[in-house]
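Peer 1: Below are the structure tokens for one structure; questions will follow.
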Amino acid sequence: MILKIAFLGTRGIPASYSGFETCVEQLGQRLVTRGHHVTVYCRTHHINYEGRDYKGMRLVKLPTIANKYLDTLVHSFVSSLHTLGQRYDIALYFIAGNSPVSWIPRLAGTKTLLNVDGLDWKREKWPTFAKNYIQFAEYLATKLPNLYLTDSRVVQGYYRDRFNSEPPYIPYGSEVDLLPPGDTLAKFGLEPQKYILFVGRLVPENCAHHLIAAFRQIDTDMKCVVVGDAAYAETYITSLKQQAQGDPRIIFTGYVFGRGYHELGSNAYIFVETSGVGGTHPALVEAMAFGNCVITHNTPENLETIGDAGFSYDGRSGADDLRQILEHLLHAPETVAIYRQLAQKRAHIHYTWDSVCDAYEKLFEQLIDYKK
């Protein structure tokens, strides 16, 4: 069955921001190789790529309001209206906050599917009115699209318990390119296996401050590399850099994508996932695929991801508990080597893009016959 599929609700591709953009790129290109017609809706203020097609996917670039609260939903609304004349078979949305517009393509006979992501209302960046909106959007996710899904068993349980509605589960993929040291390490003055790595958006709920505070207390010649940035988070990012001030071992790289990101991931000694909210974190599963020894904030979602293939610290204790685990592993290279292998094996078994694509393709075909 050859399908016309649209992806909505992300910033677009080529991926240059977060995990959902990477998901769209990885999933979309595989669907194209299987014969499907894929369209990705992109935000004009975010995507600098000038082409109309990327890796076989058609790109539709539409404007939005570049505002913390309106950016995503306004673009999803405009994109949803655009779908009405396109005769798509499937419209796949990302993020629960887009649920209020997920009914629009259904007016033209398109079946809609929504990946709800994690429990976004837990993020500190949202004021009360935004948290209330997101929680209401979670409820609408169970009603307005034809079907919704999650990439986390923990989130699946949340929807079951709160709404008496259990979404299908499809995990995130983890394939990466293992690269030797090169220009990126040289640019930041790094040596292989001589740095601890963090990758993520620099927002308060991702708790990069845990790592910086912990690392500053450790006597080591290792470096601490913080990869990422964030829109609308200037105050927090400034506070992180002030916290690191005076310690030349701590390096902020800003966003790094593509080969640079893969080079950094391939040569790290330890990867630390400090995020305190969200579903399955793409950077974490990719770190496991790189063969990193991983330490995570002990959220249920992170513990689900690593299984018995990594370490966790108590997020309530924050930097103090993380420091103890880091100090132990910095003096235990044999243990680090064992957990590198365990993490990589788990990623290869549980988090592969081909199996993810198989699951989505099967769900699409079921949805075409779905009567809701």
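For what it's worth, the numbering used here labels the leading residue of the sequence shown as 3, then goes sequentially.
For each residue, glycine too, the CB sits at the ideal point set by N, CA and C.
Of all Cβ atoms in chain B, is any one closer than 7 Å to the Cβ of Y171?
Peer 2: The structure shown has no chain B; it contains just one protein chain.
Peer 1: Using only CA atoms, which one of T114, I97 and K70 lies nearest to T85?
Peer 2: Taking the sequence shown and counting its residues from 1, the one referred to as residue 85 is at position 83. The shortest C-alpha separation from T85 is found at T114.
Peer 1: Would you be able to state if there are at least three C-beta pairs under 8 Å between the stretch 171-189 and the stretch 148-157?
Peer 2: Judged by Cβ distances under 8 Å, the stretch 148-157 makes contact with the stretch 171-189, as three or more pairs qualify.
Peer 1: Quick check on this structure: which residue in G21, L29 and L5 has the alpha carbon closest to the alpha carbon of A361?
Peer 2: On the sequence shown, residue 361 is found 359 positions in, with the first residue counted as 1. Ranking G21, L29 and L5 by Cα distance to A361 puts L29 first.
Peer 1: With 16 other CB atoms within 10 Å as the buried threshold, where does Q346 fall?
Peer 2: Position 344 of the sequence shown, counted from the start, is the residue given in the question as residue 346. By the neighbour-count rule (16 or more Cβ atoms within 10 Å), Q346 is buried.
Peer 1: Which of the three DSSP states, helix, strand or coil, is assigned to T112?
Peer 2: Here the question's residue 112 lines up with position 110 in the sequence shown. In this structure, T112 counts as coil in the three-state DSSP scheme.
Peer 1: Would you kindly check if the distance between the Cβ of Y150 and the Cβ of A143 is under 7 Å?
Peer 2: By 1-based counting over the sequence shown, the position of residue 143 is 141. By 1-based counting over the sequence shown, the position of residue 150 is 148. Yes, Cβ-Cβ distance for A143 and Y150 is below 7 Å.
Peer 1: Taking the continuous alpha helix (DSSP H) assigned at T337, which residues delimit it?
Peer 2: Taking the first residue of the sequence shown as 1, we reach residue 337 at position 335. Element bounds for T337: P335 to H352.
Peer 1: Can the beta-carbon of F1 be found less than 7 Å from the beta-carbon of L213?
Peer 2: Since the first residue shown for the chain is 3 and the last is 374, residue 1 is missing from the structure and cannot be characterised.
Peer 1: Excluding five sequence neighbours on each side, which residues of the same chain lie with their C-beta closer than 6 Å to the C-beta of K57?
Peer 2: Looking up residue 57 in the sequence shown gives position 55. If we look at K57 and ignore the five residues flanking it on each side, its Cβ neighbours are Q31.
Peer 1: By the three-class DSSP mapping on this structure, what secondary structure does F366 have?
Peer 2: For the purposes of this step, residue 366 is taken as residue 364 along the sequence shown, with counting starting at 1. Three-state result, F366: helix.
Peer 1: Could you spell out where the alpha helix (DSSP H) holding R155 opens and where it closes?
Peer 2: If you number the sequence shown from 1, residue 155 lands on position 153. R155 to F165 is the extent of the alpha helix (DSSP H) around R155.
Peer 1: Which residue marks the beginning of the beta strand (DSSP E) containing V178, and which one marks its end?
Peer 2: What you label residue 178 is simply residue 176 of the sequence shown in a count that begins at 1. From DSSP, V178 is part of no beta strand (DSSP E); its letter is neither H nor E.
Peer 1: When the Cα atoms are used, what is the spatial distance from A8 to S167?
Peer 2: Residue numbering aside, residue 8 sits at position 6 when the sequence shown is read from its first letter. Residue numbering aside, residue 167 sits at position 165 when the sequence shown is read from its first letter. Their backbone Cα atoms lie some 25 Å apart in a straight line.
Peer 1: Exposed or buried, P147, counting other C-beta atoms within 10 Å across all chains shown (16 or more means buried)?
Peer 2: Position 145 of the sequence shown holds residue 147. Flag for P147 reads buried.
Peer 1: For A8, list the residues DSSP reports as bridge partners.
Peer 2: Translated into the one-based positions of the sequence shown, residue 8 becomes position 6. T41 and A93.
Peer 1: Per the DSSP calculation, Y257 is bridged to which residue(s)?
Peer 2: As a working note, residue 257 is residue 255 in the sequence shown. Looking at the DSSP assignment, Y257 forms no beta bridge with any residue, so it has no partner.
Peer 1: According to the neighbour-count rule (16 or more other Cβ atoms, all chains shown, within 10 Å of its Cβ), is Y51 buried or exposed?
Peer 2: If you number the sequence shown from 1, residue 51 lands on position 49. Exposed, because fewer than 16 other Cβ atoms sit within 10 Å of the Cβ of Y51.
Peer 1: Go through its chain and collect everything with a Cβ distance to D179's Cβ below 8 Å, but skip five positions before and after it.
Peer 2: Taking the sequence shown and counting its residues from 1, one reaches residue 179 at position 177. Contacts found: R261, H264 and S268.
Peer 1: Return the CA-CA distance between T46 and P65, expressed in angstroms with no decimal places.
Peer 2: Numbered from its first residue, the sequence shown carries residue 46 at position 44. Numbered from its first residue, the sequence shown carries residue 65 at position 63. Those two C-alpha atoms are separated by around 5 Å.
Peer 1: Does the stretch 277-286 come close enough to the stretch 244-256 that 3 or more CB-CB pairs lie under 8 Å?
Peer 2: Contact fails: fewer than three Cβ-Cβ distances are below 8 Å.
Peer 1: Could you pull out every residue in the same chain whose Cβ sits closer than 7 Å to the Cβ of L204, ignoring the five residues on either side in sequence?
Peer 2: Counting from 1 along the sequence shown, the entry for residue 204 is found at position 202. Excluding sequence neighbours, L204 sits near A210, G230, D231, A232, A235, Y238, I239 and L242.
Peer 1: Taking 8 Å as the limit between beta carbons, can you name the residues of its chain near P102, skipping five residues before and five after?
Peer 2: Along the sequence shown, one-based indexing puts residue 102 at 100. Excluding residues within five positions, the ones whose Cβ falls inside 8 Å are L75, A139, L142 and L146.
Peer 1: So, at 6 Å on beta carbons, what are the nonlocal neighbours of A98 in its own chain, with the 5 sequence-adjacent residues on each side left out?
Peer 2: By 1-based counting over the sequence shown, the position of residue 98 is 96. Once the five neighbours on either side are set aside, the close Cβ partners of A98 are V118, A139, E140 and A143.
Peer 1: Can you give me the Cβ contacts of C44 inside the same chain, cut-off strictly under 6 Å, excluding the 5 residues immediately before and after it?
Peer 2: Here residue 44 refers to the residue found at position 42 when the sequence shown is read from its first residue. For C44, where only same-chain residues beyond five positions count, the Cβ hits under 6 Å are G14, L61 and K63.
Peer 1: I'd like the ranges of any alpha helix (DSSP H) spanning at least 4 consecutive residues and lying wholly in the stretch 283-339.
Peer 2: Counting whole runs of 4 or more residues, the stretch 283-339 contains the alpha helix (DSSP H) stretches 284-292, 302-308 and 321-332.
Peer 1: Could you tell me how far apart the beta carbons of I272 and V338 are, in whole angstroms, since I believe they sit closer than 8 Å?
Peer 2: For the purposes of this step, residue 272 is identified with residue 270 of the sequence shown, where counting begins at 1. For the purposes of this step, residue 338 is identified with residue 336 of the sequence shown, where counting begins at 1. So it is a contact: roughly 7 Å between Cβ atoms.
Peer 1: So what does DSSP say about D73, is it helix, strand or coil?
Peer 2: Position 71 of the sequence shown holds residue 73. Looking at D73 - three-state DSSP - the assignment turns out to be helix.
Peer 1: Does the separation of the CB atoms of V274 and E207 fall below 7 Å?
Peer 2: In the sequence shown, residue 274 corresponds to position 272, counting from 1. In the sequence shown, residue 207 corresponds to position 205, counting from 1. In this structure, E207 does not lie closer than 7 Å to V274 by Cβ.
Peer 1: Taking the alpha helix (DSSP H) that C25 falls in, what are its first and last residues?
Peer 2: For this step, residue 25 is matched to residue 23 along the sequence shown. Here the alpha helix (DSSP H) through C25 covers G21 to T35.
Peer 1: Leaving out five residues before and five after R164 in sequence, what residues of the same chain have Cβ atoms less than 8 Å from its Cβ?
Peer 2: The residue given as residue 164 occupies position 162 in the sequence shown. Only E140 meet the Cβ criterion.
Peer 1: Pick from F22, E363 and G111: whose alpha carbon is nearest that of S176?
Peer 2: By 1-based counting over the sequence shown, the position of residue 176 is 174. S176 has its Cα closest to that of F22, out of F22, E363 and G111.
Peer 1: Measure from the alpha carbon of V80 to the alpha carbon of each residue in I92, L33 and S104, then state which is nearest.
Peer 2: Taking the sequence shown and counting its residues from 1, the one referred to as residue 80 is at position 78. Taking only the C-alpha atoms, the option nearest V80 is S104.
Peer 1: In terms of residue numbering, what span does the alpha helix (DSSP H) encompassing L213 cover?
Peer 2: Here residue 213 corresponds to residue number 211 of the sequence shown, with the count starting at 1. It spans A210 to R218 - the alpha helix (DSSP H) in which L213 sits, taken as one unbroken run.
Peer 1: Pick out the complete alpha helix (DSSP H) segments inside the stretch 218-254, 4 residues or longer, and give them in chain order.
Peer 2: The stretch 218-254 contains these whole alpha helix (DSSP H) runs: 236-246.
Peer 1: So, for D305: in the same chain, excluding its five sequence neighbours on each side, which residues have a beta-carbon less than 8 Å away from its beta-carbon?
Peer 2: Residue numbering aside, residue 305 sits at position 303 when the sequence shown is read from its first letter. Per the sequence shown, the amino acid found at residue 305 is Leu instead of Asp. The residues are T298 and S314.
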